[in-house]
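Trainee: This is the structure I have questions about; it appears just below.
2 protein chains.
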Amino acid sequence: MKYTEARQQLIRTWGQLSTHWGISRTMGQIHALLMVSPDPMTSDQIIEELKISRGNVSMSLRSLVEWGIVHKTFIPGERKEYFASEKDVWKMALQIARERKRRELDPVIQSMQHLQAINPDSASAREVDELNKMTTQILDVAMQVDKMLDIGIRSGGQTFVRKLISVLR
Amino acid sequence: MKYTEARQQLIRTWGQLSTHWGISRTMGQIHALLMVSPDPMTSDQIIEELKISRGNVSMSLRSLVEWGIVHKTFIPGERKEYFASEKDVWKMALQIARERKRRELDPVIQSMQHLQAINPDSASAREVDELNKMTTQILDVAMQVDKMLDIGIRSGGQTFVRKLISVLR
DNA sequence: CAATGATTTCAACAAAGATTGAAACAAAAG
DNA sequence: CTTTTGTTTCAATCTTTGTTGAAATCATTG
Numbered sequence: 001m002k003y004t005e006a007r008q009q010l011i012r013t014w015g016q017l018s019t020h021w022g023i024s025r026t027m028g029q030i031h032a033l034l035m036v037s038p039d040p041m042t043s044d045q046i047i048e049e050l051k052i053s054r055g056n057v058s059m060s061l062r063s064l065v066e067w068g069i070v071h072k073t074f075i076p077g078e079r080k081e082y083f084a085s086e087k088d089v090w091k092m093a094l095q096i097a098r099e100r101k102r103r104e105l106d107p108v109i110q111s112m113q114h115l116q117a118i119n120p121d122s123a124s125a126r127e128v129d130e131l132n133k134m135t136t137q138i139l140d141v142a143m144q145v146d147k148m149l150d151i152g153i154r155s156g157g158q159t160f161v162r163k164l165i166s167v168l169r
Numbered sequence: 001m002k003y004t005e006a007r008q009q010l011i012r013t014w015g016q017l018s019t020h021w022g023i024s025r026t027m028g029q030i031h032a033l034l035m036v037s038p039d040p041m042t043s044d045q046i047i048e049e050l051k052i053s054r055g056n057v058s059m060s061l062r063s064l065v066e067w068g069i070v071h072k073t074f075i076p077g078e079r080k081e082y083f084a085s086e087k088d089v090w091k092m093a094l095q096i097a098r099e100r101k102r103r104e105l106d107p108v109i110q111s112m113q114h115l116q117a118i119n120p121d122s123a124s125a126r127e128v129d130e131l132n133k134m135t136t137q138i139l140d141v142a143m144q145v146d147k148m149l150d151i152g153i154r155s156g157g158q159t160f161v162r163k164l165i166s167v168l169r
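Chains E and A supply the protein sequences, listed in that same order. With full-length UniProt numbering, the residue at position 165 of the first sequence is 165, and numbering never jumps. With full-length UniProt numbering, the residue at position 10 of the second sequence is 10, and numbering never jumps.
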């Protein structure tokens, strides 16, 4: 397989994949492009390469920076801003896990905590009971997963998963 | 907090959440409704409760069944189909993990395997090198996560996470 | 501080995704 | 076989999300 093909396919695949994760296709493509680029890139280079609008590039880059997986870098004597992706895929995965935990898991925990202690108005005991069982279970699962992610994040991805696999096989 | 409120909030929250996960809001709501319902429900009851169209309910239920977290059940002497959710949240989480692995992780592994062994056409050594480093890393991470999920799935969620937390703290 | 170059914002537009509802289909009952 | 009841399909429509491009903002330079 030729370099240019392979590179394009990676960008396409990553863009495709990203849509399954609440991230726009363009963001995914930009991220892939930065991952495989040996040097930081300017927005103009990205526009050129992916044929997308300046506005879109600007917004996507900002969002990638907010996710913490792309960094602005300044090159001495250069006026333009340069962007580079995190190159360590484990670090990247952890950073994504950390953000998703914050954006998705933490709110669930909050929400389920509010739903504890129900006052059975017109409902039957069975109904109240079932609802309680569910919220309690969901809270339990969410809190344990949360704890697990904390540990994983603290100990660094590779170490964590390696240990884990060796311990639990 | 009153029962009816709490129930509605759970349904709203779950529907909201589901959109972050490539699942439509309606599907999430139906799932929440089935989770807290002590008895299996017919599509008519779901339509009534959530005020959504028959077609939507039919398609969403099918999809939930494909995900393996909702089951059709037949009640003797009844002509209608009844649907019930998996009630064990750990089982549910595992089933979702299993499906997501199949739908999202496995394709990445496949794709990265295709991208190994690049023929440097017009590209510089640095560029080829960077691309190779990336695809190799991604493949590595994906395969380890895959292995981890396999172990987790085999040993059952609760056991898995409990062990893991206790071992790695 | 005016001019130039770079970046961001945002209203208008486009694309993708979700939902509806009515027609087609399937299964059981009379 | 016909009717009744229940389920699925799918084109049309609505909703949500993503994208563009030009104007506004910001920053640097002479």
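Think of the CB as a built atom: it goes at the ideal place given N, C-alpha and C, for glycine as much as any other residue.
With a CB to CB cut of under 8 Å and the five nearest residues on each side skipped, what residues in its chain are close to Gly28/E?
Mentor: Trp14, Gly15, Gln16, Leu17, Ser18, Thr19, listed in sequence order.
Trainee: Should Met35/E be flagged as near chain A, meaning a C-beta pair shorter than 8 Å?
Mentor: Using beta-carbon distances, Met35/E counts as an interface residue toward chain A, with a partner under 8 Å.
Trainee: For Met41/E versus Phe74/E, is the C-beta spacing smaller than 8 Å?
Mentor: no
Trainee: For the 8 Å Cβ check, are there 3 or more pairs between the segment 136-149 of chain A and the segment 87-104 of chain E?
Mentor: yes
Trainee: Between the alpha carbons of Ala123/E and Tyr3/A, how many angstroms are there, rounded?
Mentor: Taking the straight line from one Cα to the other gives about 7 Å.
Trainee: Would a C-beta distance cut-off of 8 Å place Ile47/E and Ala32/E closer than the cut-off?
Mentor: In this structure, Ala32/E does not lie closer than 8 Å to Ile47/E by Cβ.
Trainee: Are Ala97/A and Gly152/A close, meaning C-beta to C-beta below 8 Å?
Mentor: One thing to note: Ala97/A has its Cβ within 8 Å of the Cβ of Gly152/A.
Trainee: Report the CB separation of Ala142/E from Leu105/E in whole angstroms; it is logged as a contact under 8 Å.
Mentor: 6 Å
Trainee: Would you say Val167/A and Val167/E are within 8 Å of each other, going by their C-beta atoms?
Mentor: yes
Trainee: For chain E, check one thing: does any of its Cβ atoms lie closer than 8 Å to the Cβ of Ser111/A?
Mentor: yes
Trainee: Going by beta-carbon coordinates alone, are Glu26/E and Ser60/E separated by less than 8 Å?
Mentor: The question names Glu, but residue 26/E in the sequence shown is Thr. Cβ atoms of Thr26/E and Ser60/E: closer than 8 Å.
Trainee: Does Arg22/A have its Cβ less than 8 Å from a Cβ in chain E?
Mentor: Rather than Arg, the amino acid found at residue 22/A in this sequence is Gly. True, the Cβ-Cβ gap to chain E drops below 8 Å.
Trainee: Using a Cβ-Cβ cutoff of 7 Å, what residues of the segment 69-99 of chain A are near chain E? List them in chain order.
Mentor: Listed by position along the chain: Val89, Trp90, Ala93.
Trainee: By a C-beta neighbour count over all protein chains shown, 10 Å radius and 16 as the cutoff for buried, is Ala125/A buried or exposed?
Mentor: exposed
Trainee: What does Pro120/A reach in chain E if we use C-beta pairs closer than 7 Å?
Mentor: Residues of chain E whose Cβ lies closer than 7 Å to the Cβ of Pro120/A are, in chain order, Tyr3.
Trainee: Can you tell me where the alpha helix (DSSP H) with Glu127/A in it begins and where it stops?
Mentor: For Glu127/A, the enclosing alpha helix (DSSP H) covers residues 125-155.
Trainee: For a contact defined as C-beta to C-beta under 8 Å, what are the partners of Ile52/A on chain E?
Mentor: Neighbours of Ile52/A on chain E: none; closest Cβ ~21 Å, over 8 Å.
Trainee: Could you tell me which residues DSSP puts in a beta bridge with Ala84/E?
Mentor: Partner(s): His71/E.
Trainee: For chain E, is any of its Cβ atoms less than 8 Å away from the one on Gln9/A?
Mentor: Chain E, which has a Cβ nearer than 8 Å to the Cβ of Gln9/A, makes this yes.
Trainee: By DSSP's criteria, Asn119/E is part of a beta bridge. Which residues make up the other side?
Mentor: DSSP lists Lys2/A as partners of Asn119/E.
Trainee: I think Leu164/E touches Met148/A, with their Cβ atoms under 8 Å apart; what is that distance to the nearest whole Å?
Mentor: 6 Å
Trainee: On a CA-only basis, which of Glu81/E, Lys51/E, Asn132/E is nearest Val65/E? Give me that one, please.
Mentor: Glu81/E
Trainee: Could you check the C-alpha separation between Arg154/A and Ala6/E for me, to the nearest Å?
Mentor: 35 Å
Trainee: Are the C-beta of Arg62/E and some C-beta of chain A separated by less than 8 Å?
Mentor: False, the Cβ-Cβ gap to chain A never drops below 8 Å.
Trainee: Let me check understanding here. Comparing Cα to Cα, which of Val145/A, Pro120/A, His71/A, Asn119/A lies closest to Arg102/A?
Mentor: Val145/A
Trainee: So is Glu78/A buried or exposed if we call it buried at 16+ other beta carbons inside 10 Å?
Mentor: exposed
Trainee: Can you give me the start and stop residues for the alpha helix (DSSP H) that His114/E sits inside?
Mentor: Unbroken alpha helix (DSSP H) run through His114/E: 106-114.
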